[in-house]
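For reference, the structure is listed below as structure tokens.
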Amino acid sequence: MKLIFDVSDKPKAGQLVVFALQQMLAILAATIAVPLIIGNGLTPAAAMFGAGVGTIVYILFTKRKSPVFLGSSFAFLGSMAAAFAGGVSMQLGMLGLIVGAFLAGLVYVVIAIVVKFVGVGWLNKLMPAVVIGPTVAIIGLSLAGNAIGDLVKGDVTKQVTEYAVSTDSGTPEIIETVSNVPVGSSYVALICGLITLAVVMLCSTYGKKTLRLIPFIIGILAGYAAAAIFTAIGNVCNIDALKIVDFSVFSSYMLTDGSVSLKTFVSLPDFAFVSGLKGLKEFDFTYFATIFVAYVPVALVVFAEHVADHKNLSSIIDHDLLEEPGLTRTLLGDGVGSIAGALFGGCPNTTYGESVACVAITGNASVVTIFAAAIGCMLFSFITPLVAFVDSIPACVMGGVCIALYGFIAVSGLKMIQDANLDDNRNLFVVSVILIAGIGGLTLTFGDITLTEVAAALILGILTNVMLSKKKATQPRNNYNKIAEANSVRTLLHTKNVKL
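So in numbering that gives the first Met the number 0, spot 355 of the sequence shown is number 354, and the numbers just go up one at a time.
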């Protein structure tokens, strides 16, 4: 595709700030979601700082040639939960997160060393375009449910208590379950999400150069404004169905002690290593073994997604990142960056498909923009109102954005196989197996280890490709037609004694 800013280009200062903000908005919703899901002292601010640190490390290792942001990895959610479940205290659990991230990063370092000596030729044979393409598509398609689920959801909730009768213990007992459910109408949320999506599409398609470069900022602001208006009307008229934005987020962040103080405006994130150091005295081999089993196998799975992301990004910037700066450097950047990020945020980092999609849709592949976004994340983490604002963006608005982002990831994967001969059953079966396994949601669980649908689909695709690889590739049928037509012309000209 044609890029407006290439990898080595440097936008002007004013543009750079806006472009960096857009990259941040594209990845922040997912980045702060991981600590919110895990809890146990993890905070969005620390995760933001850790993501910024990890991204800078990655940029340095890749010699400023790979324009992608690193954020909190969802693949390690189960591993992180196991770290806290196996620890005797929150401090030990926090230390477990850091040790786990170190072990996962070490897996990347070991693979990087192997690649350094044997090259990437084996990888291209094991995972050609016909395998990587549909796998990248599955990365986007597997997130489709999240995007649509968010699209019809507001952030204002109320507690609902449900009662059920259980006879598991032999005697009937009442089980009480308390959950938070949105009070806003799904139709109102849908309107806000579709406004966001429409503005993103219009700016990206019809906007002039500047608008085309920042469609997500304009779209999020438009969707947020619509949601805020609905919420304001709902608050004034006491209509719960119109309440979409949870403005109480601002008070929970900015008025932690009930009054205005320095923390209302600036506060130091709760870095993971500060709490983790206090758990050193409780650390033993048994707990280390728990962390090892929880993290290392997942790192091997995420490696496959690392390759898929970089193959996808390579196709967008028209430069093979696995050759230059090389898979060794991208692995080292991802692995060491994940370790560095977890020291601060507690969350292992990984390259973000949302960031890759943002690069593709806006045509801005400038690494300087990614670097500025990393610095911006680190600065944001100290500014309380900004952290609160990011957290207050309603799910429906981000759902509208994610339809575009995840959709583009899926389409970019399908574009990778547009030159493959799908008339050849070998290729057809490989693509079919990956798409059906991924879309069907095939997951495999071994104890505490879960292979996601992306990993399971990729493994099945690789096995299918290897199993059928002995069959020689055939030409597409349309090529047969062209060859037959050319032979007919040659025969006709030969009978007329015409020299070619």
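Backbone N, C-alpha and C define an ideal beta-carbon position, used for all residues, glycine too.
Residues bridged to residue i [DSSP beta-bridge criterion]
{"i": "L69", "result": "T350"}
{"i": "L450", "result": "L443"}
{"i": "Y162", "result": "E175"}
{"i": "V465", "result": "Looking at the DSSP assignment, V465 forms no beta bridge with any residue, so it has no partner."}
{"i": "K157", "result": "V180"}
Whole-angstrom distance between residue j and residue i, CA atom to CA atom
{"i": "S314", "j": "L20", "result": "24 Å"}
{"i": "L443", "j": "A456", "result": "10 Å"}
{"i": "N480", "j": "V453", "result": "Confidence at N480 is low in this model, with a pLDDT of 48, below 50, so the placement of that residue should be treated as unreliable; the coordinate-derived value is given next. Taking the straight line from one Cα to the other gives about 37 Å."}
{"i": "V108", "j": "R328", "result": "9 Å"}
{"i": "L142", "j": "Y405", "result": "7 Å"}
{"i": "I402", "j": "F282", "result": "43 Å"}
{"i": "K152", "j": "F246", "result": "15 Å"}
{"i": "S380", "j": "I110", "result": "33 Å"}
{"i": "I173", "j": "V159", "result": "16 Å"}
{"i": "I408", "j": "G139", "result": "5 Å"}
{"i": "S487", "j": "N348", "result": "No answer about S487 holds up, because its pLDDT of 49 lies below 50 and its placement is not dependable."}
{"i": "L210", "j": "N311", "result": "25 Å"}
{"i": "G77", "j": "C236", "result": "43 Å"}
{"i": "A298", "j": "S337", "result": "11 Å"}
{"i": "I115", "j": "L326", "result": "Looking at the sequence provided, one finds Lys at residue 115 rather than Ile. Whole-angstrom Cα-Cα distance: 8 Å."}
{"i": "F4", "j": "G437", "result": "33 Å"}
{"i": "A29", "j": "M415", "result": "26 Å"}
{"i": "G13", "j": "F428", "result": "50 Å"}
{"i": "K262", "j": "G86", "result": "31 Å"}
{"i": "L124", "j": "L69", "result": "Reading off the sequence shown, one finds Lys at residue 124, where the question assumed Leu. For K124 and L69, the distance between alpha carbons rounds to 27 Å."}
{"i": "M253", "j": "G53", "result": "27 Å"}
{"i": "D8", "j": "L24", "result": "21 Å"}
{"i": "T176", "j": "A163", "result": "8 Å"}
{"i": "F388", "j": "K277", "result": "32 Å"}
{"i": "T156", "j": "I217", "result": "27 Å"}
{"i": "G412", "j": "L441", "result": "19 Å"}
{"i": "L15", "j": "V432", "result": "42 Å"}
{"i": "F284", "j": "A100", "result": "17 Å"}
{"i": "L102", "j": "Y57", "result": "17 Å"}
Endpoints, the alpha helix (DSSP H) within which residue i is located
{"i": "F370", "result": "366-379"}
{"i": "M126", "result": "No alpha helix (DSSP H) contains M126, which DSSP labels as neither H nor E."}
{"i": "M500", "result": "Nothing can be reported for residue 500: it is not among the residues displayed for the chain, which extend from 0 to 499."}
{"i": "Q90", "result": "89-117"}
{"i": "Q417", "result": "Here Q417 belongs to no alpha helix (DSSP H), and DSSP marks it neither H nor E."}
{"i": "S184", "result": "It is not in any alpha helix (DSSP H) - S184 carries neither H nor E in the DSSP assignment."}
{"i": "S314", "result": "284-316"}
{"i": "L279", "result": "Where L279 is concerned, there is no enclosing alpha helix (DSSP H), given that its DSSP letter is neither H nor E."}
{"i": "T383", "result": "383-391"}
{"i": "S250", "result": "247-253"}
{"i": "A50", "result": "43-60"}
{"i": "K208", "result": "208-212"}
{"i": "N426", "result": "424-438"}
{"i": "S260", "result": "Element bounds for S260: n/a, residue is neither H nor E."}
{"i": "V244", "result": "Per DSSP, V244 belongs to no alpha helix (DSSP H) and is neither H nor E."}
{"i": "D333", "result": "326-344"}
{"i": "S78", "result": "76-84"}
{"i": "G148", "result": "143-150"}
Beta-carbon separation (whole angstroms), residue i vs residue j, contact threshold 8 Å
{"i": "Q90", "j": "G275", "result": "7 Å"}
{"i": "D500", "j": "V182", "result": "An answer regarding residue 500 cannot be provided, because it is not within the stretch 0 to 499 covered by the chain."}
{"i": "A307", "j": "V135", "result": "5 Å"}
{"i": "K129", "j": "N424", "result": "It is Val, not Lys, that sits at residue 129 in the sequence shown. Going by Cβ atoms, the distance from V129 to N424 rounds to 12 Å, so no, they are not a contact pair."}
{"i": "P66", "j": "V106", "result": "The pair is not a contact, with the Cβ atoms about 24 Å apart (cut-off 8 Å)."}
{"i": "A80", "j": "I37", "result": "7 Å"}
{"i": "K64", "j": "G362", "result": "18 Å between Cβ atoms; not a contact."}
{"i": "P384", "j": "A44", "result": "Incorrect: roughly 12 Å between the Cβ atoms, too far for contact."}
{"i": "D390", "j": "I31", "result": "6 Å"}
{"i": "P10", "j": "S365", "result": "6 Å"}
{"i": "I194", "j": "A221", "result": "6 Å"}
{"i": "G398", "j": "I147", "result": "7 Å"}
{"i": "A226", "j": "C395", "result": "7 Å"}
{"i": "V17", "j": "I219", "result": "Their Cβ separation, rounded to whole angstroms, is 13 Å, which puts V17 and I219 out of contact at 8 Å."}
{"i": "V335", "j": "G92", "result": "Not confirmed; about 23 Å, so no contact."}
Nearest residue (CA-CA) to residue i, options the options
{"i": "G192", "options": "K207, L27, D154, S203", "result": "D154"}
{"i": "V292", "options": "Q22, V98, A197, K277", "result": "V98"}
{"i": "T230", "options": "I131, V187, G38", "result": "V187"}
{"i": "S203", "options": "I360, A372, T451", "result": "I360"}
{"i": "L94", "options": "F264, S72, V273, G352", "result": "V273"}
{"i": "F48", "options": "K469, G344, T350", "result": "G344"}
{"i": "G460", "options": "L450, V430, F445", "result": "V430"}
{"i": "V198", "options": "S184, L189, G412, F215", "result": "F215"}
{"i": "P34", "options": "L96, L320, K208", "result": "L96"}
{"i": "V358", "options": "A226, S185, Q22", "result": "Q22"}
{"i": "L342", "options": "Q14, Y351, L41", "result": "L41"}
{"i": "V265", "options": "E304, L378, T350, V119", "result": "L378"}
{"i": "S88", "options": "M200, Y286, V367", "result": "Y286"}
{"i": "T61", "options": "L331, S251, A419", "result": "L331"}
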